[in-house]
Structures are given as C-alpha cells and as structure tokens.
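**Student:** Note that our numbering has the sequence shown beginning at 6, numbered continuously upward.
Ideal Cβ placement from N, Cα and C applies to all residues, glycine included.
I have a structure here, written as structure tokens, and I will follow up with some questions on it.
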Amino acid sequence: MRISAIITTKRLRLRNWLASDVASYRKHCNTAAVMEYLGGAVPPRSVRAEVMRYQWHQAKYGFTYWAVERKRDNALLGFSGIIVVPEAGSPLRGKLEIGWRIRADKWRRGYAYEASAAVIEWAGWEHPEEPLYARIHKDNAASQALARKLGMRRARALEAMQAKVDAELLVFKLTL
Ligand SMILES: CC(C)(COP(=O)(O)OP(=O)(O)OC[C@H]1O[C@@H](n2cnc3c(N)ncnc32)[C@H](O)[C@@H]1OP(=O)(O)O)[C@@H](O)C(=O)NCCC(=O)NCCS
C-alpha cells in the first residue's frame, strides 16, 4: 500500500506510518547501535506501540515523527518529525520537539540532515510562532552535531531545569 507523503525532498519521502512499517522499523532501528543513547533496544511489542503512538500523534495534532522512506527503493530509513512533549515533569511539556532516527547501515549519507531540514522548513510554514526543541544525551555527539548543523543552539536556562529531571540530557532550541 502506498500513501501520500507529507514532505518530499530530493531523495526522501516523509509520510505517516503504516502497520506494515513495524517489522522493518523493528529490524533496522531497534538495534543496540541506533538505541545507544535512547535507553537501549526495547522489547518487540514496544516497537509496535511506538509506531501506534506516532500514528495517534498525527491524527491528534497533524504532525508526528514521520516515517522517512527513500524514494529510490521505498526503503524505510527511520524517522524525522515533531511531537508535542508529553512528559508531565518536563520543563519542555507542551513544547514542540524535533526528533530524528536513522538506521545504522545508512548513517553518514546526509539523510537525517536532508529530512530534518525539510521538517524545519515545514514547521516554519505551519507553526512559525513556536520554537523547536531537542533533548539530546550529553554523549550523543552525532545528534548534537546534527542539531548544530540545523541551526539549533543550547537553551541553558531550560537545560538547568531539565537537569533536575534528567541531568544526562542537553536541551537545544531553534527559533523559526
Ligand atoms: C543522529 C543521526 C540521526 C544522524 O543521522 P545521519 O543520517 O547519519 O546524519 P547525516 O549524515 O545527515 O549527518 C548530518 C550531520 O550530523 C553530524 N553527524 C552525523 N553523524 C555523526 C557522527 N558519527 N559524528 C559526528 N557528527 C555526526 C554531522 O554534523 C553531519 O554533517 P556533516 O556530514 O556535514 O559532517 C544518527 O546517528 C542516528 O540515528 N543515531 C541514533 C538515534 C539517535 O541518537 N537519535 C537522536 C536522539 S536525540
């Protein structure tokens, strides 16, 4: 089954999730390498629940962490997109968080940047008043470098508040 893309770039399609994505997403993205700074790989049933959460978020808000698919062969690469931060105790609760995840065998080909730059452009049109945030583990050098390349900068005041909840996370911000 094919569905319309929300965003297209030169090489990629960002689209809503299909139930048929779960197996591929589980195989390629629920790995030790991809999940290194995200608490490690999760049980298989949690991956299905995660995909369902992204589908639910799309239905509720009109955006989500979209599936990133390569146009050339329809391969599922991971996700990029935006969610509303849900955690009750977080200083970012209710704010927009941009996120990215790409399967490890496709790293360093510019896919995360290409997808996430397009997400930022989309947000600039659809939610121009709202800054984008990203919480990134202090040792996750790749993700921090990507955030900087996308124009994000550390939000020190929020980071100090965040540290009371989880001191391992840095907070980045982009004002659109
Ligand atoms: C972070 C991640 C999404 C980057 O994906 P990617 O497709 O390999 O990234 P790109 O090829 O688009 O690289 C874009 C920029 O990110 C930075 N970057 C990517 N990988 C890097 C690495 N291993 N070390 C340092 N910088 C890196 C660079 O600034 C790069 O720009 P450059 O190529 O001009 O140097 C990927 O490593 C990933 O999925 N990691 C696991 C999941 C994760 O940690 N998500 C973030 C949670 S906060």
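Which ranges does the alpha helix (DSSP H) cover as unbroken runs of at least 4 residues, wholly within the segment 32-84, from first to last along the chain?
**Tutor:** 49-66
**Student:** Compute the Euclidean distance between the alpha carbons of residue 152 and residue 158, then round it to the nearest angstrom.
**Tutor:** Your numbering for residue 152 matches position 147 in the sequence shown. Your numbering for residue 158 matches position 153 in the sequence shown. Taking the straight line joining both Cα atoms gives about 8 Å.
**Student:** Check residue 124 in the structure and name its three-state DSSP category.
**Tutor:** As a working mapping, residue 124 is identified with position 119 in the sequence shown. Of the three classes helix, strand and coil, the one that applies to residue 124 here is helix, per DSSP.
**Student:** Going by beta-carbon coordinates alone, are residue 181 and residue 115 separated by less than 7 Å?
**Tutor:** As a working mapping, residue 181 is identified with position 176 in the sequence shown. As a working mapping, residue 115 is identified with position 110 in the sequence shown. No, they are not a contact pair.
**Student:** Sort out for me which residues DSSP pairs residue 5 with in a bridge.
**Tutor:** The requested residue 5 does not occur in the structure, where the chain is confined to residues 6 to 181.
**Student:** Rounding to the nearest angstrom, what Cα-Cα distance links residue 161 and residue 176 in this structure?
**Tutor:** Translated into positions along the sequence shown, residue 161 becomes position 156. Translated into positions along the sequence shown, residue 176 becomes position 171. Between residue 161 and residue 176, the C-alpha separation is close to 7 Å.
**Student:** Below 7 Å between beta carbons: does that hold for residue 34 and residue 140?
**Tutor:** For this step, residue 34 is matched to residue 29 along the sequence shown. For this step, residue 140 is matched to residue 135 along the sequence shown. No, the pair does not count as a contact, with Cβ atoms beyond the cut-off.
**Student:** Following the continuous alpha helix (DSSP H) through residue 17, name the residue where it begins and the one where it ends.
**Tutor:** By 1-based counting over the sequence shown, the position of residue 17 is 12. Looking at the DSSP string, residue 17 is not in any alpha helix (DSSP H); the run it does join, the beta strand (DSSP E), is 17-20.
**Student:** Note down the Cα distance separating residue 46 from residue 121, rounded to an integer number of angstroms.
**Tutor:** Against the sequence shown, residue 46 aligns to sequence position 41. Against the sequence shown, residue 121 aligns to sequence position 116. Roughly 23 Å separates the two Cα atoms.
**Student:** When you compare only the Cα positions, how much space is there between residue 133 and residue 103?
**Tutor:** In the sequence shown, counting from the first residue as 1, residue 133 sits at position 128. In the sequence shown, counting from the first residue as 1, residue 103 sits at position 98. Rounded to the nearest angstrom, the two C-alpha atoms are 14 Å apart.
**Student:** Where does residue 18 land, buried or exposed, given buried means 16+ other C-beta within 10 angstroms?
**Tutor:** In the sequence shown, residue 18 corresponds to position 13, counting from 1. Burial call: buried.
**Student:** In the DSSP assignment, what are the bridge partners of residue 184?
**Tutor:** This structure cannot settle anything about residue 184, because the visible part of the chain is limited to 6 through 181.
**Student:** In the DSSP output, what is residue 107 paired with across the bridge?
**Tutor:** Residue 107 sits at position 102 when you count from the first residue of the sequence shown. In DSSP, residue 107 forms a bridge with 83.
**Student:** Within its chain, find whatever has a CB closer than 7 Å to the CB of residue 2; leave out the 5 residues flanking it on each side and keep chain order.
**Tutor:** Lying outside 6 to 181, the shown extent of the chain, residue 2 is not represented and no answer is given.
**Student:** To the nearest angstrom, how far is the alpha carbon of residue 143 from that of residue 66?
**Tutor:** Locating residue 143 in the sequence shown gives position 138, where the first residue counts as 1. Locating residue 66 in the sequence shown gives position 61, where the first residue counts as 1. Rounded to the nearest angstrom, the two C-alpha atoms are 29 Å apart.
**Student:** Using a 10 Å radius around the Cβ and a threshold of 16 neighbouring Cβ atoms, would you call residue 85 buried or exposed?
**Tutor:** Numbered from 1 along the sequence shown, position 80 holds the residue referred to as residue 85. Its Cβ being crowded by 16 or more others within 10 Å, residue 85 is buried.
**Student:** When every heavy atom of ligand 1 is checked, does at least one fall within less than 6 Å of the C-beta of residue 170?
**Tutor:** Walking along the sequence shown from the start, residue 170 turns up at place 165. Outside the cutoff, so no.
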